Amino acid sequence: MAAAPPSAIASTMSLGPVAVPAAAGAQPAAGRQDVRPFITDDARVVGGGLAQVESWFRWDEESSQQWLLAALGPTEWLELTVGGVAGQDRTGESGQFTYALPLLQAKALLRPYAPGAAPGAAVVAGTFLPGGEGVLVPPGYGLFVFGIVSQSFGAGDRVLLHGNLGVNHQWLDPEDATVLTWGLGTQVRTVGGLHAVAELFSGDPYVPGSGTAVQVGARQFLSESLQLDATLGHGIAGSPSLPTWWTVGVRWVLPRLWGAEPTGVRAPGGYARPAPVGPEHGGRGPRLGGRRGW
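Going by the numbering used here, the first residue of the sequence shown is number 38, and it counts up by one from there.
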């Protein structure tokens, strides 16, 4: 199996999710929104007894990719994700079909975030095993670990800020490689369920060596269970630098699989919190969420 060129591998991991119209301006319940399509993750999990599916199409000058991730919340504080990608390599003349799987990831929520409260926190660990064929396959076995801090400002999570810091280690021949990864992201509610999103990141936790890049876009919450988004990104530093890319995707939270809905307002991150006392608290306003996305 041929190892992927560094630029092709790095560019494959800029994620983004979307699609299906519904009521305009619908506001999702807090805790059921995701951070996709962004590299910078947020301090939330899908929630106990809930599952979600994310799928998005990504295009750049080197490849086109269709991603699929499925996440399950076995508890209110733990989220388990499995996924993969398939697409076309356009770096050669053949337009070779390529795919890679599985991506395996676990996220533990340490503290949910909420407007007017202390920052939320979470930790993530995972691996993208070198299974598949073509340029999308990672060059070796690896492990990524990173911490997350999220802060909410304003009623209904009007402004969200997220920070990530971690490492990505790969066992390669002849020499192992360890790369520092970091990311800063924000989401700002504009009109109805529409949000503007932006991030600056260096090193994708899924793939070492992706350099520093910026990504901007928009996210539309159609309901508490369905969101659409689109992004545009470009590498600004590093060698190789990421080529310009765009994404569109969909995220769907499935109907509850087991258990009863927690009492009170579902807080960002899947946790239930006591219902707000006054209208200034913001109640069940929209929020960011998960891988990766907000």
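Ideal placement from N, C-alpha and C gives every residue a C-beta, glycine not left out.
Keep in mind it's a predicted model, so treat the numbers as computed, not measured.
When DSSP states are grouped into helix, strand and coil, Gln-142 belongs to the strand group. Of the candidates Leu-221, Phe-165, Ala-214, the residue whose Cα lies closest to the Cα of Ser-187 is Leu-221. Ranking Glu-99, Gln-224, Gly-110 by CA distance to the CA of Gln-133 puts Glu-99 first. Gln-252 sits in a strand when the DSSP states are folded into three classes. Fewer than three pairs of CB atoms, one per stretch, sit closer than 8 Å, so the stretch 87-94 makes no contact with the stretch 198-205. Within the same chain, Cβ atoms closer than 8 Å to the Cβ of Ala-154 are found at Ser-189, the five residues on either side in sequence being excluded. Counting only residues of its own chain and dropping the five nearest sequence neighbours on each side, Pro-156 has a CB closer than 8 Å to the CB of Ala-80, Arg-148, Tyr-150, Val-186, Ser-187, Gln-188. Inter-residue distance for Phe-165 and Gly-124 is about 17 Å (C-alpha atoms, whole angstroms). With fewer than 16 other beta carbons inside 10 angstroms of its own, Pro-211 counts as exposed.
DSSP places Asp-194 in the coil class of the three-state scheme, outside both helix and strand.
Only residues of its own chain outside the window of five on either side were considered, and among them Ala-107, Ala-108, Leu-109, Gly-110, Val-290, Leu-291, Leu-294 have a CB closer than 8 Å to the CB of Ala-88, listed in chain order. In the structure shown, the three-state DSSP call for Gln-264 is strand.
Arg-293 carries a coil assignment under DSSP once its states are collapsed to helix, strand and coil.
Here DSSP, grouped into helix, strand and coil, assigns Glu-170 to strand. Val-122 places its beta carbon less than 9 Å from that of Leu-140. In this structure the stretch 213-229 does not touch the stretch 161-175; the number of beta carbon pairs closer than 8 Å is below three.
Proximity to Pro-167 across Gly-120, Gly-270, Phe-75, Ile-76 peaks at Gly-120, based on C-alpha coordinates. For Thr-227 and Thr-268, the gap between their C-alpha atoms comes out near 16 Å. In this structure, Ala-255 sits near Val-234, with a CB-CB distance shorter than 9 Å.
Between Phe-181 and Pro-242, the CB-CB gap stays under 9 Å. With fewer than 16 other beta carbons inside 10 angstroms of its own, Ile-273 counts as exposed.
Counting the other CB atoms within 10 Å of its CB gives Thr-215 a total below 16, which places it among the exposed residues.
For Arg-127, the three-state secondary structure derived from DSSP is coil. Taking the Cα of Glu-298 as reference, the smallest distance to any Cα among Ser-260, Gly-85, Val-251 is reached at Gly-85. Taking all protein chains in view, the Cβ of Val-82 is crowded by 16 or more other Cβ atoms within 10 Å, so the residue is classified as buried.
Assigned with DSSP and collapsed to three states, Leu-115 falls in strand.
DSSP lists Gly-179, Ala-214 as the beta-bridge partner residues of Gln-207.
Residue environment for Asp-126: buried (at least 16 other C-beta atoms within 10 angstroms of its C-beta).
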